[in-house]
Amino acid sequence: MPPTGAGLIRYFKEEGSGIKISPKSVLGFTIAIVIFEIALRILNVQL
1 MPPTGAGLIR YFKEEGSGIK ISPKSVLGFT IAIVIFEIAL RILNVQL
């Protein structure tokens, strides 16, 4: 059997078929939700 690198697996060529979202988009969406929540609390809106 060929050596496998002490059981470590390399996934450099693996590409998932899921949705591709950039880290900046995730961060922006999270910040938008936080700002929206703060605005709701300031305006005392109940959902």
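So the sequence shown is residues 1 to 47, counted in the working numbering.
From the three backbone atoms N, C-alpha and C, an ideal C-beta is built for every residue, glycine too.
Assignment of L43 by DSSP, reduced to helix, strand and coil, places it in the coil class. When DSSP states are grouped into helix, strand and coil, S25 belongs to the helix group. Each residue's CA atom was taken as its position, placing I19 and I42 some 34 angstroms apart.
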